[in-house]
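Step one of this worksheet: look at the structure below.
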Amino acid sequence: MLAGLPSRPASIARRYMFDHYLEAAVLPNGFEIRCRPGEPANEKRREKLYAALELINSLDSRRLRRIQGDISYMVVSWTDHAYYSPISNAILLGSSDVDRASPGMLASTIVHEGIHARLHSGGFAYFPGAVRNRMESICVRAQLSFTKKLSHRDYPGIWRSIYYIVHRLRVGSWSID
Ligand SMILES: [Zn+2]
0 MLAGLPSRPA SIARRYMFDH YLEAAVLPNG FEIRCRPGEP ANEKRREKLY
50 AALELINSLD SRRLRRIQGD ISYMVVSWTD HAYYSPISNA ILLGSSDVDR
100 ASPGMLASTI VHEGIHARLH SGGFAYFPGA VRNRMESICV RAQLSFTKKL
150 SHRDYPGIWR SIYYIVHRLR VGSWSID
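Just so we're aligned, residue 0 is where the sequence shown starts under numbering that gives the first Met the number 0, counting upward by one.
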């Protein structure tokens, strides 16, 4: 899901305050990760995100640099699915997803959300309807081309995931993520 445009300025303030309440740490590759403060799992979450980002780096280093240039940080919090937040200029991931996912699966998600960030930085606003469908289609295509480079070791269940992505493209089914 993409956060979309806030209906009230107050929601911008809330988002902003929330991000600043989080525990920020910078990975060795320069990515800033913000987690809920004081959770013992945070170290493991950062390690897994680092592995995911390094996987992107090993397969497509230009893409990783673009993502790094386009977003300000990444957030691991309560969200039930990943999205790019234009308000924070950040990729938001659910902590339970990060806990469960393989580095490959996270890498695939980050690539998708990274395209949303790129489109946003290029001045393309996210609107419901045809525009959203077109943007999701661009993100899913990039995600697919990246995911095909991953191995089963990086991403157990990768073939099912690729099948699902191809199916989404074929039927034009765009969930808002
Ligand atoms: Zn999307």
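Beta carbons are placed, not taken as given, at the ideal position from N, Cα and C, and that holds for glycine.
Residue burial annotation: K147 is exposed, with fewer than 16 other C-beta atoms found within 10 angstroms of its C-beta. Its Cα nearest to that of L105, the residue D153 stands out among D153, V25, Y162. Inter-residue distance for R33 and E22 is about 5 Å (C-alpha atoms, whole angstroms).
L21 carries a coil assignment under DSSP once its states are collapsed to helix, strand and coil. L91: member of the beta strand (DSSP E) spanning 89-93, first to last residue. For the alpha helix (DSSP H) assignment, the uninterrupted runs of no fewer than 4 residues enclosed by the region 88-140 are, from N- to C-terminal side, 94-99, 102-120. The residue from Y82, L52, I114, R65 with its alpha-carbon nearest to that of G103 is L52. R44 is classed as buried because its beta carbon has at least 16 other beta carbons within 10 Å across all chains shown.
DSSP links I32 through a beta bridge to A24, M73.
DSSP, reduced to helix, strand and coil, places Y83 within a strand of the structure shown.
Minimum Cα-Cα distance from E112 among the listed residues S101, V97, A141 corresponds to A141. For ligand 1, a non-hydrogen atom lies closer than 7 Å to the CB of H111.
In the three-state DSSP reduction, R152 falls in the coil class, being neither helix nor strand.
For the pair L91 and S76, the CB atoms are nearer than the 8 Å cut-off. Looking only at Y72, L63, D69, T108, the smallest Cα-Cα distance to H80 is reached by T108.
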